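Here the structure comes first, spelled out in structure tokens, and everything after it is commentary.
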Amino acid sequence: MEPVSLFDLAAKQAQWLSVRQSAVAGNIANANTPGYTANDVEPFEKVLDRTAVSLQITEPGHLGTAATNAGFSIKPQEDDGVVMPSKNTVVLEDQLLKAGEVRRSFELNTAIVKAFHSMMMMAVKS
């Protein structure tokens, strides 16, 4: 059985959330490092915009196209004008808010996958 695209999408978002969590953790860890520039990951919506959706070939006579793989890039956070005297751009309050967003997104991602898995199991048992 071929993987269901919802599971692939959820896996891609989980990978993105993992990268974002690492970026936020790195920012928090370097909050007192002179000259450190806060980093963030591009929004997941942009990753989805670059990802081509393709049809699956279920019969040899069907036409198909190849999907592209989108990577996640960590880049310096957009300048919001806050710079510490040590030239550090990390604002702990903002980073803690981002960490909370990541946690809530992980929880939502997991809940959606569990619900979809339950529906699939009910359909298979029928």
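For the sequence shown, full-length UniProt numbering assigns the number 1 to the initial residue and increments by one for each residue that follows. Even for Gly, the Cβ is constructed at its ideal location relative to N, Cα and C. This structure is a prediction, so every number in the text was calculated from the model and none was measured.
Three-state secondary structure (DSSP) of Lys-46 = Residue state, collapsed to three classes: helix.
key: Asp-8, enclosing alpha helix (DSSP H) - first and last residue   = Per DSSP, the unbroken alpha helix (DSSP H) holding Asp-8 starts and ends at 5–29.
task = With a cut-off of 8 Å on the beta carbons, I'd call Val-24 and Val-102 a contact; round off their distance for me.
result = Indeed they touch by this definition, with Cβ atoms about 7 Å apart.
ask   = Can you give the Cα-Cα distance for Thr-37 and Arg-20, rounded to whole angstroms?
value = Spanning the alpha carbons of Thr-37 and Arg-20 requires a straight line of approximately 15 Å.
query = Under a three-way DSSP split, which group does Asn-39 fall into?
reply = If DSSP states are grouped into helix, strand and coil, Asn-39 belongs with the strands.
inquiry  = Please tell me whether Gln-77 and Asn-30 are closer than 7 Å, where the distance is taken between their beta carbons.
reply    = No, these two residues do not count as a Cβ contact at 7 Å.
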